[in-house]
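Engineer: One structure is given below, represented as C-alpha coordinates, and several questions about it will come after.
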Amino acid sequence: MPMIILHDLNGEEILVNTDNISAAKRKTPDGQSVIKDPFTKLYFVSKDKTMDSMGFPDTVRETPAEIVALSMSGKC
1 MPMIILHDLN GEEILVNTDN ISAAKRKTPD GQSVIKDPFT KLYFVSKDKT MDSMGFPDTV
61 RETPAEIVAL SMSGKC
(Lines of atoms letter the chains of each structure in order from A and count residues from 1; the text may use other names and numbers.)
(Lines give C-alpha, C1' and ligand atoms only; values in the text may rest on other atoms or scores of the structure.)
Protein backbone atom coordinates (compact mmCIF):
# COMPACT_ATOMS: atom_id res chain seq x y z
CA MET A 1 0.00 0.00 0.00
CA PRO A 2 1.43 3.42 -0.88
CA MET A 3 2.23 5.59 2.13
CA ILE A 4 3.72 9.06 2.31
CA ILE A 5 5.15 10.87 5.32
CA LEU A 6 4.57 14.62 5.19
CA HIS A 7 5.56 17.32 7.66
CA ASP A 8 3.16 20.00 8.84
CA LEU A 9 4.14 23.62 9.49
CA ASN A 10 5.27 22.71 13.04
CA GLY A 11 7.59 20.00 11.73
CA GLU A 12 5.32 17.17 12.93
CA GLU A 13 5.20 13.97 10.89
CA ILE A 14 1.90 13.12 9.20
CA LEU A 15 1.51 9.71 7.56
CA VAL A 16 -0.94 9.52 4.64
CA ASN A 17 -2.11 6.19 3.23
CA THR A 18 -3.11 6.98 -0.34
CA ASP A 19 -5.19 3.79 -0.74
CA ASN A 20 -7.98 4.97 1.52
CA ILE A 21 -6.97 8.59 2.29
CA SER A 22 -6.42 7.94 5.97
CA ALA A 23 -3.80 9.72 8.02
CA ALA A 24 -1.78 9.29 11.20
CA LYS A 25 -0.44 12.35 13.01
CA ARG A 26 2.06 12.35 15.88
CA LYS A 27 0.81 14.15 18.99
CA THR A 28 2.99 15.33 21.87
CA PRO A 29 0.99 16.09 25.03
CA ASP A 30 1.59 19.43 26.71
CA GLY A 31 2.28 19.94 30.42
CA GLN A 32 -1.42 20.12 31.31
CA SER A 33 -2.38 16.88 29.54
CA VAL A 34 -3.38 13.77 31.47
CA ILE A 35 -1.53 11.64 28.91
CA LYS A 36 2.23 12.14 29.23
CA ASP A 37 3.70 9.93 26.48
CA PRO A 38 3.70 10.99 22.81
CA PHE A 39 1.28 9.01 20.62
CA THR A 40 0.09 8.80 17.04
CA LYS A 41 -3.57 9.64 16.36
CA LEU A 42 -5.11 7.58 13.56
CA TYR A 43 -7.72 9.18 11.27
CA PHE A 44 -10.06 7.17 9.06
CA VAL A 45 -12.18 8.17 6.09
CA SER A 46 -14.85 5.75 7.27
CA LYS A 47 -14.52 3.78 10.47
CA ASP A 48 -15.46 0.10 10.21
CA LYS A 49 -18.12 -0.42 12.86
CA THR A 50 -18.55 -4.18 12.43
CA MET A 51 -17.76 -6.68 15.17
CA ASP A 52 -14.53 -7.61 13.32
CA SER A 53 -13.12 -4.14 14.00
CA MET A 54 -14.04 -3.99 17.70
CA GLY A 55 -11.01 -2.95 19.72
CA PHE A 56 -9.17 -1.48 16.72
CA PRO A 57 -7.23 1.47 18.17
CA ASP A 58 -7.61 5.15 17.32
CA THR A 59 -4.17 5.85 18.81
CA VAL A 60 -0.90 3.90 18.79
CA ARG A 61 2.52 4.38 20.38
CA GLU A 62 4.49 3.99 17.13
CA THR A 63 5.61 7.04 15.16
CA PRO A 64 4.43 7.44 11.55
CA ALA A 65 7.90 6.31 10.37
CA GLU A 66 7.66 3.18 12.55
CA ILE A 67 4.19 2.45 11.13
CA VAL A 68 5.61 2.60 7.59
CA ALA A 69 8.53 0.34 8.56
CA LEU A 70 6.16 -2.22 10.14
CA SER A 71 3.87 -2.20 7.09
CA MET A 72 6.80 -2.70 4.73
CA SER A 73 8.11 -5.62 6.80
CA GLY A 74 4.71 -7.34 6.75
CA LYS A 75 4.51 -7.56 10.57
CA CYS A 76 1.27 -5.62 11.00
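Reading the sequence shown from the start, the letters are residues 1 to 76 in the numbering used here.
Where a beta carbon is used, it is the ideal one built from N, C-alpha and C, also for glycine.
To the nearest angstrom, how far is the alpha carbon of K25 from that of I5?
Structural biologist: Cα atoms of K25 and I5: separation of roughly 10 angstroms, rounded to the nearest angstrom.
Engineer: Rank L42, M72, S73 and V34 by C-alpha distance to the C-alpha of D58 and give the top, closest one.
Structural biologist: L42
Engineer: Residues in the same chain with beta-carbon distance under 7 angstroms from E79, minus the five sequence neighbours each way, listed in chain order, please.
Structural biologist: Outside the shown range of the chain (1 to 76) lies residue 79, about which nothing can therefore be said.
Engineer: Out of M72, S73 and A65, point me to the one whose CA is closest to F39's CA.
Structural biologist: A65
Engineer: Where does L70 land, buried or exposed, given buried means 16+ other C-beta within 10 angstroms?
Structural biologist: exposed
Engineer: For I14, which three-state DSSP category applies?
Structural biologist: strand
Engineer: Would the beta-carbon of V68 fall within 8 angstroms of that of L15?
Structural biologist: yes
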